[in-house]
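Enquirer:
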Amino acid sequence: SHNKTLAAQLYQELRDFFPDNAVSYFVSYYDYYQPEAYIPQTDTYIEKEADINAEIDRLRLSATANLVSRPDCIVVASVSCIYNIGNPAEYEKYFLELVEGQIIDRADVAHRLLDLQYQRTTTELTRGNFRLIGNTLQLHPGNEGVVLSITFGEKTIESIKRLDPINFSELKRKDSANPYDYITTIYPAKHYITDPVNQKAAMGQIRDDLAGQIKKFKKESRILEAHRLEQKVNYDLAQIEEFGFVNGIENYSRYFDSRSPGDPPFTLLDYMNYNAKKFGKKNFLTIVDESHISLPQIKGMYRGDRSRKETLIDYGFRLPAALDNRPLNFIEFQARTPQTLYSSATPQELELNLSQAEAVPAIAEQLIRPTGLLDPEVKVFGSANQIAHLVSEVMIRKARGERTLILTITKRMAEDLTEYLKDHVPGLKVQYLHSGVLTLDRSDILDDLRKGNFDCLVGINLLREGIDLPEVSLVAILDADKEGFLRNPTSLIQTMGRAARHVNGMVYLYADRVSDSMKQAMDVTGRRRQVQIEHNESHGITPVGIVKPIKEKLLQREEKRENGTRIKELEEFGWKKPEDVNPEALTLGDKKKLIRKMKALMTAAAKNWDFEMAAKYRDLIAKLS
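Take the sequence shown: its letter number 441 is residue 441 in the UniProt record's numbering, and every next letter is one higher.
(1) In whole angstroms, what separates the C-alpha of E233 from that of E250?
(2) Since L367 and R528 should fall inside the 8 Å C-beta cutoff, what is the C-beta to C-beta distance between them, to a whole number of angstroms?
(3) DSSP state of F317, grouped into three classes?
(4) For R487, name the three-state secondary structure that DSSP assigns.
(5) Can you name the residues that DSSP bridges to M506?
(6) Helix, strand or coil: which one does DSSP assign to G564?
(7) Excluding five sequence neighbours on each side, which residues of the same chain lie with their C-beta closer than 8 Å to the C-beta of F333?
(8) Out of I214, T337, K4, which one is the CA nearest neighbour of L319?
(9) For the beta strand (DSSP E) containing R348, name the first residue and the last one.
(10) If distances are taken between C-alpha atoms only, which option among P71, H2, Q532 comes closest to T371?
(11) Tell me, to the nearest whole angstrom, how far the beta carbon of I74 is from that of L6; I am working on the premise that it is less than 8 Å.
(12) Can you give me the Cβ contacts of V165 inside the same chain, cut-off strictly under 6 Å, excluding the 5 residues immediately before and after it?
(13) What span of residues does the beta strand (DSSP E) with V458 cover, start to end?
(14) Here's the rule I'm using: 16 or more other beta-carbon atoms within 10 Å means buried, otherwise exposed. How should E558 be labelled?
(15) Helix, strand or coil for I183, going by three-state DSSP, please let me know.
(16) CB-CB under 8 Å to S169, same chain, minus the five flanking residues each way: which ones, in chain order?
(17) Give the range of the alpha helix (DSSP H) segment to which residue 664 is assigned.
(18) Starting from the N-terminal side, write out each stretch of the beta strand (DSSP E) that is 3 residues or longer and does not extend beyond the segment 14-68.
(19) Only counting the same chain, and skipping five residues up and downstream in sequence, which positions put a Cβ closer than 6 Å to that of residue 648?
(20) Just to confirm before moving on: does the CB-CB distance between G478 and S355 stay below 9 Å?
(21) Does the beta-carbon of A521, which I'm using as the reference point, lie nearer than 8 Å to any heavy atom of the ligand ADP?
(22) With DSSP as the reference, label S383 as helix, strand or coil.
(23) DSSP on N87, reduced to helix/strand/coil?
(24) Determine whether the Cβ of Q199 lies closer than 9 Å to any Cβ atom of chain C.
(25) Which residue's Cα is closest to the Cα of I595: R618, M613, V79?
(26) Specify the secondary structure class of residue 637 as computed by DSSP and reduced to three states.
(27) Just the Cα atoms here: how many angstroms apart are A110 and L125?
(28) Does F317 pass the burial test, meaning 16 or more other C-beta atoms within 10 Å, or should it be called exposed?
(29) Figure out for me which residue from Y342, P327, P543, L210 has the closest Cα to the Cα of L374.
(30) Please list, in chain order, all residues of the same chain as Y432 whose beta carbon is under 7 Å from its beta carbon, the five residues on each side excluded.
(31) By Cβ distance below 7 Å, which residues in the same chain neighbour D175 in space, the five residues on each side in sequence not counted?
(32) Rounding to the nearest angstrom, what Cα-Cα distance links M613 and K4 in this structure?
(33) Quick check: what's the CA-CA separation for V425 versus T408?
(34) Can you tell which of S80, V503, K172 has the C-alpha that lies nearest to the C-alpha of S294?
(35) To which residues does DSSP link S169 through a beta bridge?
(36) Mark P141 as exposed unless 16 or more other C-beta atoms lie within 10 angstroms of its C-beta, in which case mark it buried.
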């Protein structure tokens with residue numbers, strides 16, 4: 001899928017359809033991500049910064065653990081599936097199986113956990129950590145939402161209990177006649193695992209390449225770049241030798257994976273192939289949802305990544321091997337997905353060409369719905385008095401308990417129209433939705449629309465692919481004749497489709513003329529509607545609206561504490577609230593990082609009209625500056 005929200009929707013639905021399968025979710029785990037970069041024009045080096053979402057990280061690790069251990073895997077992924085996560089064969093080597101009665105002591109288990117990239121702690125037990133309390137070892141696995149409590153005798157494991165990570169109460173284990181169900185398997189806490197034997201050879205190769213690159217820079221009289229690279233790489237190597245990890249270790253992945261220059265990285269798709277071979281399957285099926293967006297997204301990742309890294313290499317911030325820590329290019333993606341199904345209401349030339357075949361019809365139109373629902377009827381109205389006409393139609397839907405979507409061209413228009421409707425239409429509850437609205441707030445707004453907490457939603461481009469709103473019976477598109485990205489045939493067809501879930505589905509296009517894009521979109525929708533009508537008539541089908549429950553969110557919003565003043569970025573430094581901040585306790589580098597994050601959060605809060613929070617961020621920036 002092309003974004004996290006739709007991937008989460010698919011994940012939840014597939015879990016319902018396949019309750020006994022290992023259904024997994026694999027998307028980017030970054031809440032905030034600033035890639036490493038260098039801007040030569042201003043001599044500005046930007047260090048990599050990232051906030052990792054711990055729950056998504058757990059789901060990613062759960063996906064790879066399932067793929068190396070179970071034959072019945074379904075993985076819902078975003079474009080993250082083409083990025084480097086390490087060799088699945090190496091990953092599978094590094095797991096630990098424990099069972100009650102096993103002869104092994106506490107020290108051996110602790111040592112093995114360190115090899116699996118778990119960290120020992122004496123305080124709070126967070127995911128990826130373990131602690132020792134007397135003869136008990138408590139572990140929070142990287143891929144599970146439970147705590148394991150392992151009690152040792154003199155040389156054996158006496159008991160293994162699964163605990164709730166919040167209150168540490170024991171979770172009841174299901175009875176099973178299968179002895180394998182009583183084996184506890186612990187998988188690595190991170191995807192990047194290196195074999196100590198391979199690591200020694202890899203470190204030697206890194207030092208050889210470093211010497212070669214320094215020699216090259218000095219030959220070109222680029223002493224600064226040579227010195228910079230020597231310092232950077234030697235620091236990284238020291239960290240890896242001491243701790244087995246360093247921020248940015250993925251830039252050395254080619255060495256640890258024993259790959260040659262230019263070889264593609266190991267990605268989730270390699271785990272899928274590994275799973276197929278391990279369990280005797282010929283290959284696996286890849287379904288590219290909303291392919292008209294997903295395929296261009298996949299194609300664009302490689303070029304953008306390479307351009308940024310070439311600059312870092314040219315100016316001595318990285319070795320040339322950093323280029324091999326990259327996403328797959330499109331040819332490599334195709335080679336790893338031999339059996340592919342493209343799904344789209346508006347397929348583009350690329351997937352249509354890829355789907356050509358002589359022997360079988362490789363392109364199938366799925367126009368008939370089991371419910372008999374039709375594509376919506378489309379009507380065109382002039383722009384004169386459009387708001388008055390639109391309001392009357394919205395109120396008709398409100399009286400029937402139905403919902404309306406209104407599409408504008410710009411954010412400002414969406415906000416202004418929302419305010420106008422709130423102020424001038426008594427009894428109408430309305431909200432807007434656009435890219436300035438925070439990601440978690442978007443799904444809340446869509447749920448509120450479905451629940452009837454408001455009647456009408458005004459948006460721009462977020463109400464297109466995959467947004468499933470069966471309560472919406474009217475989609476109104478303003479400025480429908482304005483040719484451009486938001487009003488091309490693909491956008492119009494996708495937007496019209498939001499009304500296809502309701503038995504009374506209608507689309508109103510407000511325009512002073514019928515543009516070429518409008519005509520194409522209306523022709524496509526009209527043809528599909530006619531096919532559906534004829535099918536229903538010939539089979540005696542009466543269209544029936546769908547009833548879709550509002551599911552619990554996959555990723556829950558963090559609870560607001562201390563009257564909403566909690567800022568998690570401060571908690572990394574041990575501060576619970578803004579008043580606790582002590583700028584003198586920060587290094588210059590940490591201070592700059594924190595200021596950058598506060599500025600980004602302030603801007604986002606202001607865009608979301610949360611001026612109280614924006615002011616708190618502003619005051620923090622002033623305190624830190």
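Don't be surprised by glycine CBs; every beta carbon is placed ideally from N, CA and C.
Expert: Judging by the given coordinates:
(1) On the sequence shown, position 233 is the one that residue 233 refers to. On the sequence shown, position 250 is the one that residue 250 refers to. In the sequence as displayed, the identity of residue 233 is Val instead of Glu. C-alpha separation (whole angstroms): 13 Å.
(2) Reading the sequence shown from its first residue, position 367 is the one you call residue 367. Reading the sequence shown from its first residue, position 528 is the one you call residue 528. Rounded, the Cβ-Cβ distance is 5 Å, consistent with contact.
(3) In the sequence shown, residue 317 corresponds to position 317, counting from 1. Note: F317 maps to coil in three-state DSSP.
(4) Locating residue 487 in the sequence shown gives position 487, where the first residue counts as 1. Reduced to three states, the DSSP call for R487 is helix.
(5) Numbered from its first residue, the sequence shown carries residue 506 at position 506. Answer is E377, L474, bridged to M506.
(6) On the sequence shown, residue 564 is found 564 positions in, with the first residue counted as 1. Annotation note: pLDDT 43 at G564 (below 50); position unreliable, coordinate value reported separately. DSSP places G564 in coil when its eight states are reduced to three.
(7) Here residue 333 is taken as the residue at index 333 of the sequence shown, counted from 1. Hits under 8 Å: I82, L269, I298.
(8) Here residue 319 refers to the residue found at position 319 when the sequence shown is read from its first residue. Closest option to L319, Cα to Cα, is I214.
(9) Locating residue 348 in the sequence shown gives position 348, where the first residue counts as 1. Before going on, a small fix: residue 348 reads as Gln here, not Arg. Note, Q348: premise wrong, no beta strand (DSSP E); not H, not E.
(10) Taking the first residue of the sequence shown as 1, we reach residue 371 at position 371. Of P71, H2, Q532, the residue nearest in Cα terms is Q532.
(11) Position 74 of the sequence shown, counting from 1, holds the residue named residue 74. Position 6 of the sequence shown, counting from 1, holds the residue named residue 6. That pair is no contact at about 16 Å.
(12) On the sequence shown, residue 165 is found 165 positions in, with the first residue counted as 1. One detail in the question is off: residue 165 reads as Pro in this sequence, not Val. Result list for P165: V147, in chain order.
(13) Position 458 of the sequence shown, counted from the start, is the residue given in the question as residue 458. Looking at the DSSP string, the run of the beta strand (DSSP E) that includes V458 is 456-459.
(14) By 1-based counting over the sequence shown, the position of residue 558 is 558. Per-residue confidence for E558 stands at a pLDDT of 43, beneath the threshold of 50, marking its modelled position as unreliable; the derived number appears in the next sentence. Looking at its Cβ environment, which holds fewer than 16 other Cβ atoms inside 10 Å, E558 is exposed.
(15) In the sequence shown, counting from the first residue as 1, residue 183 sits at position 183. It is coil, neither helix nor strand.
(16) For the purposes of this step, residue 169 is taken as residue 169 along the sequence shown, with counting starting at 1. Cβ within range, chain order: L163.
(17) Limits of the chain in this structure are 1 at one end and 625 at the other, which puts residue 664 out of reach.
(18) Here the runs fully enclosed are 22-26, 30-34, 37-39, 44-46, 49-52.
(19) There is simply no residue 648 to check, as the chain begins at 1 and stops at 625 in what is shown.
(20) Mapped onto the sequence shown, residue 478 falls at position 478. Mapped onto the sequence shown, residue 355 falls at position 355. The amino acid occupying residue 478 in the given sequence is Leu; Gly does not appear at that position. Contact: no.
(21) As for the ligand ADP, it is missing from this structure, which has no ligand bound.
(22) Within the sequence shown, residue 383 is the residue found at index 383, counting from 1. In the structure shown, S383 sits in coil (DSSP, three-state: anything other than H, G, I, E or B).
(23) The count along the sequence shown starts at 1 and reaches residue 87 at position 87. Correct three-state label for N87: coil.
(24) In the displayed structure, chain C is absent; only one protein chain is listed.
(25) As a first step, residue 595 is located in the sequence shown; it is residue number 595 there, counting from the start. If we check each option's Cα against that of I595, R618 comes out closest.
(26) The question about residue 637 has no answer, for the chain in this structure spans 1 to 625.
(27) Along the sequence shown, read from residue 1 onward, the residue named residue 110 stands at position 110. Along the sequence shown, read from residue 1 onward, the residue named residue 125 stands at position 125. Going by the C-alpha atoms only, they are around 15 Å apart.
(28) For this step, residue 317 is matched to residue 317 along the sequence shown. F317 comes out buried.
(29) Within the sequence shown, residue 374 is the residue found at index 374, counting from 1. For the residues Y342, P327, P543, L210, the minimum Cα distance to L374 belongs to P543.
(30) Residue 432 sits at position 432 when you count from the first residue of the sequence shown. Cβ-Cβ distances below 7 Å link Y432 to A414, E415, T418, V458, G459 in the same chain, with the five nearest sequence neighbours on each side left out; the list follows chain order.
(31) Position 175 of the sequence shown, counted from the start, is the residue given in the question as residue 175. Once the five neighbours on either side are set aside, D175 has no close Cβ partner at all.
(32) As a working mapping, residue 613 is identified with position 613 in the sequence shown. As a working mapping, residue 4 is identified with position 4 in the sequence shown. Taking the straight line joining both Cα atoms gives about 26 Å.
(33) Your numbering for residue 425 matches position 425 in the sequence shown. Your numbering for residue 408 matches position 408 in the sequence shown. When rounded, the distance between both Cα atoms is 19 Å.
(34) In the sequence shown, the residue the question calls residue 294 occupies position 294. With respect to the C-alpha of S294, the residue from S80, V503, K172 having the closest C-alpha is S80.
(35) On the sequence shown, residue 169 is found 169 positions in, with the first residue counted as 1. As far as DSSP is concerned, S169 takes part in no beta bridge.
(36) As a first step, residue 141 is located in the sequence shown; it is residue number 141 there, counting from the start. With 16 or more other Cβ atoms within 10 Å, it is buried.
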